[in-house]
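Here the structure comes first, spelled out in structure tokens, and everything after it is commentary.
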Amino acid sequence: MLAYVIRRLIATIPIMALVAIFVFLLLHLSPGDPAVIIAGDFATEAQIQEIRQQLGLNDPLHVQFWNWLMNLFRGDLGTSIYSGLPVSRLILQRVEPTLMLTLCTMVIAVTIAIPLGVVAAWKVGTWVDRVVMTVAVLGFSLPVFVLGYALILGGSVWLGWFPVQGYTSIFTSFTGFLAHITLPALTLGLVYMALIARMTRATMLEVMNEDYVRTAYAKGLSTRTVLVKHALKNAMVPISTTIGLGLALLIGGVVVTESVFAIPGLGRLTVDAVLRTDYPVIQGVILVFSLTYVMLNLLIDLSYVLFDPRIRY
Amino acid sequence: MTEAMTLSAAPPRPVPAGEPVLEVEDLRTYFDTRDGVVKAVDGLSFSLKPGEILGVVGESGCGKSITSLSIMQLVPRPPARFASGAIRFRGRDLLKLGHEEMRRIRGNEISMIFQDPMSSLNPVLTVGDQLTEAVILHQKLGKRAARDRAREMLDLVHIPEPERRLEEYPHQLSGGMRQRVMIAMALGCDPSVLIADEPTTALDVTIQAQILALMEEIRDKLKTAIILITHDLGVVAEMADRVLVMYAGRKVEEADVVELFERPQHPYTRGLMASIPRLTAAEMETAPPRLSEIPGIVPSLNALPPGCTFADRCPHVQDHCRRGYPPLEPKRPGHVAACWESHRLPEWQP
Amino acid sequence: MVDRTTAAATETKIQDPPWHRRLVESLGDLREALRRNPTMLFGLVVLGVMAVAAFGAPYFGLPDPMRQAPIERLRDPSAENWFGTDMYGRDLFSRVLHGGQISLMVGLSVAFLATVIGLAIGLVAGFNRRVDAIVMRFMDALMSIPAILLAIALVALWGSSVPNVILALTIPEVPRVVRLVRSVVLMLRDQVFVQAAIACGTSTARILVRHIMPNTIPPLIVQATYICAQAVIFEAYLSFVGAGTPPEVPSWGNIMAEGRRFFFQNFGMILYPGVFLAITVFAINTFGDGLRDSLDPRMQRRV
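Chains as they are written, first to last, in the working numbering: chain B, 2 to 314; chain Z, -19 to 330; chain G, 8 to 310.
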């Protein structure tokens, strides 16, 4: 098992290296002079020179890459052009809200979506199935921010149940945290829920045709036991794969959701950086998100052991 | 006959000797499909006595499996429906039972083993888990007692090191071992009827013999009545007390095993018998018997011809055979068949 | 050695009808599928209505979507302005209809580009092991960057323009198409008819185009509908975070982005384009699902 984990970790190194090269090249793939783009339309020649100096753009490309990579290994993601602060510090300051929002969303989405998918598969072809699946497709189709603003209007403005926007740290006030996180987590969770529910239904439908499900019924077990104990456990591997891959959607949604709810997280940091073409920050955020995404999916691969005894690492 | 019933913790359920434990009467299982009504089982009747092995034979698609699934009420409804009939188990009509009542019978008083032990065991649950499930449910045993019972059952089906096997997963067992586990699972609650649907088809020939021997041993020990569904007349000849031949959803012949093999009254039965290759034991190993020598195929069950359903394939067919379906009538003592021409069939030469 | 005559015989035997004829046949199948699958028909009809509304908008005699009228700003819906007006007093109904042009164009272009590029790369990767090893590493890396982040970064760098948005949304979708095509190629490569063609000395390019590519088309079309739906949403996301199409062009994303600051006063600026967008994407998804169901032989058997 440990050997396998190490092997898998080593296998992610070339991928992460390629991601790093991509991210580095982002700045250099641009059609024009990166310094001019970053400086903006109203920059003086002196300002452009300063940026060029600051980013080391006067060095040959390979030297730039080497320096950048070495800095990366030291945890130095560069310096924000806008605020002059280290990117790593900016990111660390913003991690908590994003992490909490993502976790809450995952928990909510998984606990709602899997039962929904199971029920839809059980009642396949009936109106229950049709309603669940239509809502799921709708979930795919609704832009996150439309739902977000609708929830703010409904839940905060009209009903007054939730604060309109903002964020309270879980370490400051738990109830305040809950009040602030509920609407964003619901907003962000809809797409994710739709994805997981659809996958759950499809996999369950396949599993329910298996012979061992018939065996389970032949034992006189109740439908519930057959579905949950016999079928769902077999369906968990494809479902958890979807949970992992869907994180990419979730990360995309975070950027938008944080803007809608004015949550000071990494997504907000990204949007601000985009508006100010603060390229070191954009690079840093992409790197951090990608690394997290790859690691979480590795973790999910390893979790297959829990669901399927035939898998041995 | 009743002393063997005390083997399990279940209360003895006395069945008077000779009284049938299961009676199927005029069972019709129809499937409503887009292409019309498929009459998978059409007016089938038979009965089963305690400790009896009833062989049900026929080609694939003749309604054998649907019959067994109908008894268990595991046919998906819809598209299936029971157009008529009764399945009386100890005097209660299973077709009239509610969902919950039927669940209490399934796996408890009537259980079933399936063709493919590879796919019929749940790959992600331990053998112990799957063995104890039914006894915990039906006999209200505790975890500990259920485990003891499971070990006992593995012993009964001659699985060595039962304690270790309980912790293992199906993929860690061989094919024959898995079918033994399936049998142990089915016997856990000491059922009075065991339905075995092609229990040996998916197994190697040598393992087949072992599994069949095991089933006979169990019948002798526990007096379980067994419905043995197979397309293999060799298996039937060896195991069954009585044989029921099915064709196109209907019973075409039924008799004691010796009587049937000596004086088959239906051309279809004769066709099946003629297609058993007479080989030496060594040849049997490499080429298990296949039934393929009756010309033609089973007619599609949603468009049956008006007369005898076997007419198109029958070597003895007469014009009047196509006019009406022959009644099932006694041809000899304890021997029924559905054929207009049985009295004119030539003497059977085995 | 393969005997010449048998080789020729095999060659004629494995000769499939030309792929364009098969495409026509599958279009016939599509008609049949539409008849059997009413939700798919629904998707297609809604999509058609949206397209007519968007591209016909200039001819409906609506107010100019760019005409500003500061006195009439942030009006509620009325007989004159069905969806009300935005913060410059522009007619929202007209803007929403016109906005569909950009969204649909972006969606279709991204789906088309991603499919074509992915198809080309996937075919080559699937057939050449050495290329495969390199390309797939590359694709894995590309896929480990969340799609929207990559697109945002690209537009932020390249600048706001419709072609840039299309390209930025296409790049993250390519790896998924490559994977799909490659899996079909790998599956087919070992099949008898392909092996026979190889044995007969048919050129690789010919095998790819004649024997393998046609088999990738049906799953690709399904995939393309999903990419199209995704791209329409992502275009809105990009505009929303300020890395989308130029703000002067009315697109659903831009109208909603402008509505952010005014959503307490006039939620319509988010609601109407949002609903139009949702209906469009829903229709594309429904159509895609129907297409998938009718192409998936397993699903057919279940019906």
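Beta carbons: idealized from backbone N, C-alpha and C, even for Gly.
Taking 3 residues as the minimum length, the beta strand (DSSP E) runs contained wholly in the segment 42 to 76 of chain Z are 60 to 69, in order along the chain.
PRO281(B) counts as buried, since at least 16 other C-beta atoms from the protein chains shown sit within 10 angstroms of its C-beta. Neighbours of LEU117(Z) across chain B, judged by C-beta separation under 9 Å: LYS220, GLY221, LEU222, SER223, THR226. Under the Cβ distance rule, ALA217(B) counts among the residues neighbouring chain Z, one pair being separated by less than 8 Å. Taking 8 Å as the threshold, the shortest C-beta distance from PRO103(Z) to chain B falls below it. LEU298(G) and LEU54(G) have their C-alpha atoms some 14 Å from each other.
With contacts defined as CB atoms closer than 8 Å, ILE207(Z) and VAL237(Z) fail to qualify as a contacting pair.
For GLY63(G), the uninterrupted alpha helix (DSSP H) segment begins and ends at 45 to 63.
Secondary structure note for ALA110(B): its alpha helix (DSSP H) is the uninterrupted segment 88 to 123.
The beta carbon of ASN273(G) does not come within 8 Å of any beta carbon belonging to chain B, so the residue lies off that interface. In terms of Cβ geometry, ALA121(B) and VAL129(B) form a close pair [threshold 8 Å]. Nearest neighbour of LEU91(B) by Cα position, chosen from ILE283(B), ASP212(B), TYR193(B), turns out to be ILE283(B). With a cutoff of 8 Å on beta-carbon distance, SER258(G) and ILE173(G) are scored as not near each other.
At a cut-off of 8 Å, the C-beta of VAL56(G) has no neighbouring C-beta in chain B. Below the 9 Å Cβ cutoff, chain B contributes no neighbours of VAL169(G), its closest Cβ being approximately 16 Å away. If you draw a straight line from the Cα of PRO15(B) to the Cα of TRP123(B), it is about 43 Å long. The count of Cβ pairs closer than 8 Å, one atom from the segment 84 to 93 of chain Z and one from the segment 158 to 175 of chain Z, reaches three, so the stretches are in contact.
For TYR193(B), the three-state secondary structure derived from DSSP is helix. For the segment 145 to 161 of chain Z, residues whose beta-carbon sits nearer than 7 Å to a beta-carbon of chain B comprise TYR149, HIS151. The residue among LEU278(G), ARG186(G), GLN237(G), PHE271(G) with its C-alpha nearest the C-alpha of THR293(G) is GLN237(G).
Of ASP77(B), GLU51(B), ALA47(B), the smallest CA-CA separation from LEU288(B) is found for ASP77(B).
The segment 257 to 273 of chain G makes contact with the segment 139 to 152 of chain B; the number of CB pairs closer than 8 Å reaches 3 or more. When the beta-carbon positions are compared, MET157(Z) and LEU192(Z) stay at least 8 Å from each other. Under the 10 Å beta carbon count, GLY85(B) is surrounded by fewer than 16 other beta carbons and is classified as exposed. Between LEU19(B) and ARG137(G), the C-beta spacing is not below 8 Å. One alpha carbon belongs to GLU132(Z), the other to VAL115(Z), and they sit about 12 Å apart.
DSSP places ILE262(G) in the uninterrupted alpha helix (DSSP H) bounded by 259 to 266. Straight across, the Cα-Cα distance linking SER64(Z) with ASP6(Z) is about 7 Å.
The continuous beta strand (DSSP E) containing LYS311(Z) extends over residues 309 to 312.
For ILE113(B), no chain G residue has a Cβ inside 9 Å of its Cβ, as the nearest lies near 20 Å away.
Annotation for ASP22(Z): the continuous beta strand (DSSP E) segment containing it runs 16 to 28.
Following the DSSP letters along the chain, one finds HIS315(Z) in no alpha helix (DSSP H) but inside the beta strand (DSSP E) bounded by residues 315 to 317. Using a Cβ distance threshold of 8 Å, ALA163(G) and VAL37(B) do not count as a contacting pair. Within the segment 84 to 123 of chain Z, the runs of beta strand (DSSP E) that reach at least 3 residues and sit entirely inside it are, in chain order, 90 to 93. Apart from the 5 residues on each side of it in sequence, ALA290(G) sits with its Cβ closer than 6 Å to the Cβ of GLY50, VAL53, LEU54 in its chain, given in chain order. Bridge pairing for LEU7(Z): LEU24(Z) [DSSP].
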